[in-house]
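Here's the structure, in structure tokens; my notes come after.
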Amino acid sequence: MRRLFAVLWAVLLVGLIPAAPATAQQGGATLRVALPQQIDSLNPFLGHLLGATDLFRVIYPTLTTYRAEDFSVVPELAESWQTSPDRLTWTFRIRQGVKWSDGQPVTARDAAYTFNRMMTDPAAATANGNFVENFASVTAPDDGTLVIRTKTPQATTLAIDAPIVPEHVWSKVADVATFANDRMPVVGSGPFVLTGYQPERSVTLKANEDFWRGPPKISELQFIQFKNTDASVQALRKGDVDVVQKLTPAQFNALSGQRDVRPVRGQGRRFYELLVNPGAANSAGQPIGTGHPALRDVRVRRALDRAIDRRTLVDRVLGGYGQVGGGYLPPIFADYQWTPPRTREFDLAAANRELDQAGYARGGDGVRRTPQGQPLDFDMVLHGDVSYDAQVGEFVKRWLADLGIRVDLQPVSDNQLDERTTGGDFDLAISGWSANPDPDTVLRLQTCAARPTPSGGGLPDSFLCDKQYDDLYAAQLAEFDPKARADLVKRAQQRFYDQATGLVLFYQNSLEAYRTDRFSGFTLQPARGGVITAQQGYWGYYGAQPTREALSGPTSTDYTTVAWVIGGVVVLVGVVVAGVAVRRRATADLRE
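Numbering (mature numbering (1 follows the signal peptide of the UniProt record, and there is no 0)), first residue to last: -24 to -1, 1 to 568.
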């Protein structure tokens, strides 16, 4: 049986390997990046999954960006700025000579249009609405000047990395919520121009020869979607892709001895968490979703936290490539890192006692019940194509069984997990977000304001709605003294930890690899312990330098014959063209 399974698995992997590369294009090289997750939308007002935000950073301008070396804020579209003494008015001087890819000039009016659309159109605020919630007005007195007035002082004004769109294109879009933005080429002004999109398969971008920093050294950038990292690793070995990301420890170790392949281990900026539904509600306080009533009890949530052995997860799931979880923000952002007290360390016996004391007694079948008699049967939603999720799920299921809690693991697609978690249709769920150098975006996910409205929208994480947390969030947003703000951010993390609606399990290292026979010169962010992909900016792809082989060899890959072979059933991948999914609570995973 094991041998049969091994044969079927090998066939599956072969079926997932792309067809032979197409012939080379003349005059440049294509950097092919394996994409291990779905792109939720090409619409920059809506897309927030990591695959989408990675795209937006190379297509659209932002006011400022983060320096590759150390995450410090540096000019981008705005070449300079000044603030009023009361810190309520910010004046940005927009860089002259920048053009959209259709030849039109990029002006302050485009930025003003973008922010005003986000301020007045709820759909346009879906992905980045937190940036403009405190804006009183945004104006463009002339093409070179942008003026932002805030209601209260806002410390994040220089960390607004929301994509800026061309007014002459987007002013014609009547309904942002249903606009796919898939008419090629997509108008942008970043280092690359989006020229091709095949849903669930690939995205193709060409170098922007008019990019204000100068054109990239590659002629084309291609993101190729794989159903799992096993397939992307096989493609890297064959030379069908040039960069792979989100490797498992076993894959990373195996590639360490591969000829012409260089593994890259970076300190990740993601936190990996277990969501615990505390009783999801919308912004009007109306209950939504299907969360188990026992999880509304903070004593139960804390007992679950105490039943999880994070060190085992880091050692057994990550193979040591990561750090034990604790505070909400990962260690790469040391100024804001907070370490929890030792009061909830792994202790199954103590967790059992806490549930006994809270009145959740075991029944004759060994399963605990609420005081009203409802068994503690929890569903646990996880990504079906992420190996970490399956392993973590099995460990958590085993530990919670020792507490008298039954767990039903439910692997789903990225989009399905996103829909269920943002709709409150879960008991437990695997989640995670990439934190920015400025912590405001992820901190806001836990506020009451992040919850969906009765008509949709919103971008919640764990459905925490707590006045004490909200007060701390508002205080850090208005604090300009770095040390004082860091203290407020840490206090907010402590409150989040106390409420136990999101249990931060670990911070995995970013494990990548690339073909050294085809590319070199990748810019890592940060310079020490940094990564190529999923950066705060476009540096990794923009800095790629092709080798002579890349300039003369294959540049793009034909994925029309990719197939899966499972149990003798052939499933053709790529014939299902679903269009861009613009759902969200009205729509909305994993998250960046």
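C-beta: ideal position from N, C-alpha, C; glycine also.
#1: Give me, in chain order, the residues of the same chain whose beta-carbon lies closer than 7 Å to that of glutamine 201; leave out the 5 immediate sequence neighbours on both sides.
#2: Sort Asp137, Leu251, Arg494, Asp62 by Cα distance to threonine 90 and report the nearest one.
#3: Can you round the beta-carbon distance between tyrosine 483 and isoleucine 508 to whole angstroms, since I take them to be within the 8 Å contact cut?
#4: Pull the bridge partners of methionine 356 from the DSSP assignment, please.
#5: Does the Cβ of lysine 118 have 16 or more other Cβ atoms within 10 Å, making it buried, or fewer, making it exposed?
#6: Tell me the residue span of the alpha helix (DSSP H) that contains isoleucine 280.
#7: Would you say the segment 439 to 456 touches the segment 277 to 297, given that touching needs at least three Cβ pairs under 8 Å?
#8: Excluding the 5 residues flanking serine 56 on each side, which residues of the same chain have their C-beta closer than 8 Å to its C-beta?
#9: Taking only the alpha-carbon atoms, compute the straight-line gap between alanine 150 and valine 141 and give it to the nearest angstrom.
#10: Sort out for me which residues DSSP pairs tryptophan 66 with in a bridge.
#11: Identify the residues that DSSP records as bridge partners of glutamine 243: which are they?
#12: Please state the DSSP three-state secondary structure of serine 528.
#13: Between the C-alpha atoms of threonine 224 and leucine 393, what's the straight-line distance to the nearest angstrom?
#14: Would you call the segment 394 to 406 and the segment 355 to 363 in contact, with 3 or more CB pairs under 8 Å?
#15: Among Leu435, Val300, Pro317, Leu22, which one has its Cα closest to the Cα of phenylalanine 155?
#16: Closer than 8 Å is the cut-off here; do at least three beta carbon pairs connect the segment 311 to 324 with the segment 463 to 471?
#17: Compute the Euclidean distance between the alpha carbons of isoleucine 35 and proline 167, then round it to the nearest angstrom.
#18: Nearest-angstrom Cα distance between proline 61 and serine 438?
#19: Which residue or residues does DSSP assign as beta-bridge partners of aspartate 118?
#20: Please classify phenylalanine 155: does DSSP put it in a helix, a strand, or coil?
#21: I need the straight-line Cα distance from glycine 105 to proline 428, nearest angstrom please.
#22: In the DSSP assignment, find the alpha helix (DSSP H) that holds residue 580 and state where it starts and stops.
#23: Please report how far the alpha carbon of leucine 86 lies from the alpha carbon of valine 74, in whole angstroms.
#24: Could you check which residue in Gln72, Ile308, Leu7, Tyr473 has the C-alpha nearest to that of valine 252?
#25: Indicate the three-state DSSP secondary structure (helix, strand or coil) for serine 363 in the structure shown.
#26: Using 8 Å as the threshold, is the C-beta distance between arginine 320 and aspartate 291 below it?
#27: Rounding to the nearest angstrom, what Cα-Cα distance links alanine 462 and glutamine 501 in this structure?
#28: What are the start and end residues of the alpha helix (DSSP H) that includes leucine 105?
#29: Is it right to say tyrosine 535 is buried, meaning 16 or more other beta carbons lie within 10 angstroms of its own, or is it exposed?
#30: Just the C-alpha distance for tyrosine 248 and glycine 79, rounded to the nearest angstrom, thanks.
#31: What is the rounded straight-line gap between the Cα of glycine 190 and the Cα of tryptophan 515?
#32: Counting only the same chain and skipping the five closest in sequence on each side, list residues whose C-beta sits under 7 Å from that of valine -11.
#33: Could you spell out where the beta strand (DSSP E) holding arginine 491 opens and where it closes?
#34: According to DSSP, is threonine 41 part of a helix, a strand, or is it coil?
#35: Runs of 3 residues minimum, wholly inside the segment 291 to 363: which ones carry the beta strand (DSSP E) assignment?
#36: Just to confirm, is the Cβ distance from isoleucine 308 to leucine 481 under 8 Å?
Put simply:
#1: As a first step, residue 201 must be located in the sequence shown, where it is residue number 225. When the five nearest sequence neighbours on each side are left out, the beta carbons in the same chain lying within less than 7 Å of the beta carbon of glutamine 201 are those of Leu11, Glu176, Arg177, Ser178, in order along the chain.
#2: Position 114 of the sequence shown, counting from 1, holds the residue named residue 90. When only C-alpha atoms are compared, the closest one is Asp137.
#3: Position 507 of the sequence shown, counted from the start, is the residue given in the question as residue 483. Position 532 of the sequence shown, counted from the start, is the residue given in the question as residue 508. The pair is not a contact, with the Cβ atoms about 18 Å apart (cut-off 8 Å).
#4: Stepping through the sequence shown from its first residue, residue 356 is reached at position 380. Checking the DSSP bridge columns, you'll see methionine 356 partnered with Leu385, Leu404.
#5: Residue mapping note: residue 118 aligns to position 142 of the sequence shown, counting from 1. The question names lysine, but residue 118 is aspartate in the sequence shown. Exposed, because fewer than 16 other Cβ atoms sit within 10 Å of the Cβ of aspartate 118.
#6: Within the sequence shown, numbered from 1, the residue matching residue 280 stands at position 304. Correcting the residue type first, residue 280 is leucine in the shown sequence and not isoleucine. Run containing leucine 280: 274 to 282, per the alpha helix (DSSP H) assignment.
#7: Contact fails: fewer than three Cβ-Cβ distances are below 8 Å.
#8: In the sequence shown, residue 56 corresponds to position 80, counting from 1. Cβ within range, chain order: Phe68, Arg69.
#9: Within the sequence shown, numbered from 1, the residue matching residue 150 stands at position 174. Within the sequence shown, numbered from 1, the residue matching residue 141 stands at position 165. Here the alpha carbons of valine 141 and alanine 150 stand approximately 15 Å from one another.
#10: As a working mapping, residue 66 is identified with position 90 in the sequence shown. Under DSSP, tryptophan 66 shares a beta bridge with Thr59, Ile124.
#11: One-based indexing of the sequence shown puts residue 243 at position 267. DSSP lists no bridge partner for glutamine 243.
#12: As a first step, residue 528 is located in the sequence shown; it is residue number 552 there, counting from the start. DSSP places serine 528 in helix when its eight states are reduced to three.
#13: Your numbering for residue 224 matches position 248 in the sequence shown. Your numbering for residue 393 matches position 417 in the sequence shown. Threonine 224 and leucine 393: Cα-Cα distance of roughly 21 Å.
#14: Enough Cβ pairs lie closer than 8 Å, so yes.
#15: Residue mapping note: residue 155 aligns to position 179 of the sequence shown, counting from 1. Closest in C-alpha terms to phenylalanine 155, from the list Leu435, Val300, Pro317, Leu22, comes Leu22.
#16: Taking 8 Å as the limit for Cβ pairs, the verdict is that the segment 463 to 471 does touch the segment 311 to 324.
#17: Walking along the sequence shown from the start, residue 35 turns up at place 59. Walking along the sequence shown from the start, residue 167 turns up at place 191. A direct Cα-Cα distance of roughly 7 Å separates isoleucine 35 from proline 167.
#18: The sequence position of residue 61 within the sequence shown is 85, counting from 1. The sequence position of residue 438 within the sequence shown is 462, counting from 1. Taking the straight line from one Cα to the other gives about 38 Å.
#19: Numbered from 1 along the sequence shown, position 142 holds the residue referred to as residue 118. According to DSSP, which records beta bridges pairwise, aspartate 118 is partnered with Thr121.
#20: Against the sequence shown, residue 155 aligns to sequence position 179. Coil, per DSSP.
#21: Within the sequence shown, the letter at position 129 stands for residue 105. Within the sequence shown, the letter at position 452 stands for residue 428. In a straight line, the C-alpha of glycine 105 is about 12 Å away from that of proline 428.
#22: Residue 580 lies beyond the residue range present for the chain, which begins at -24 and ends at 568; the question has no answer from this structure.
#23: Position 110 of the sequence shown, counted from the start, is the residue given in the question as residue 86. Position 98 of the sequence shown, counted from the start, is the residue given in the question as residue 74. Residue 86 is actually aspartate in this sequence, not leucine. The straight-line gap from Cα to Cα measures roughly 12 Å.
#24: As a working note, residue 252 is residue 276 in the sequence shown. The shortest C-alpha separation from valine 252 is found at Tyr473.
#25: In the sequence shown, residue 363 corresponds to position 387, counting from 1. DSSP places serine 363 in helix when its eight states are reduced to three.
#26: For this step, residue 320 is matched to residue 344 along the sequence shown. For this step, residue 291 is matched to residue 315 along the sequence shown. No, Cβ-Cβ distance for arginine 320 and aspartate 291 is not below 8 Å.
#27: For this step, residue 462 is matched to residue 486 along the sequence shown. For this step, residue 501 is matched to residue 525 along the sequence shown. Their Cα atoms are separated by approximately 22 Å.
#28: The count along the sequence shown starts at 1 and reaches residue 105 at position 129. Looking at the sequence shown, residue 105 is not leucine but glycine. For glycine 105, no alpha helix (DSSP H) encloses it, and the DSSP letter there is neither H nor E.
#29: As a working mapping, residue 535 is identified with position 559 in the sequence shown. Low confidence applies to tyrosine 535: its pLDDT is 44, below 50, so where it sits in the model is not reliable enough to give any reading.
#30: The residue given as residue 248 occupies position 272 in the sequence shown. The residue given as residue 79 occupies position 103 in the sequence shown. Distance from the CA of tyrosine 248 to the CA of glycine 79, rounded to the nearest whole angstrom, comes to 42 Å.
#31: Here residue 190 refers to the residue found at position 214 of the sequence shown. Here residue 515 refers to the residue found at position 539 of the sequence shown. Cα to Cα, the separation comes out at about 13 Å.
#32: Within the sequence shown, numbered from 1, the residue matching residue -11 stands at position 14. Any answer about valine -11 is weak, because its pLDDT of 37 lies below 50 and its placement is not dependable; what the coordinates show is given next. Hits under 7 Å: none found.
#33: Position 515 of the sequence shown holds residue 491. For arginine 491, the enclosing beta strand (DSSP E) starts and ends at 486 to 491.
#34: Counted from its first residue, the sequence shown places residue 41 at position 65. Strand.
#35: Listed in chain order, they are 298 to 300, 353 to 359.
#36: Reading the sequence shown from its first residue, position 332 is the one you call residue 308. Reading the sequence shown from its first residue, position 505 is the one you call residue 481. Going by C-beta atoms, isoleucine 308 is not nearer than 8 Å to leucine 481.
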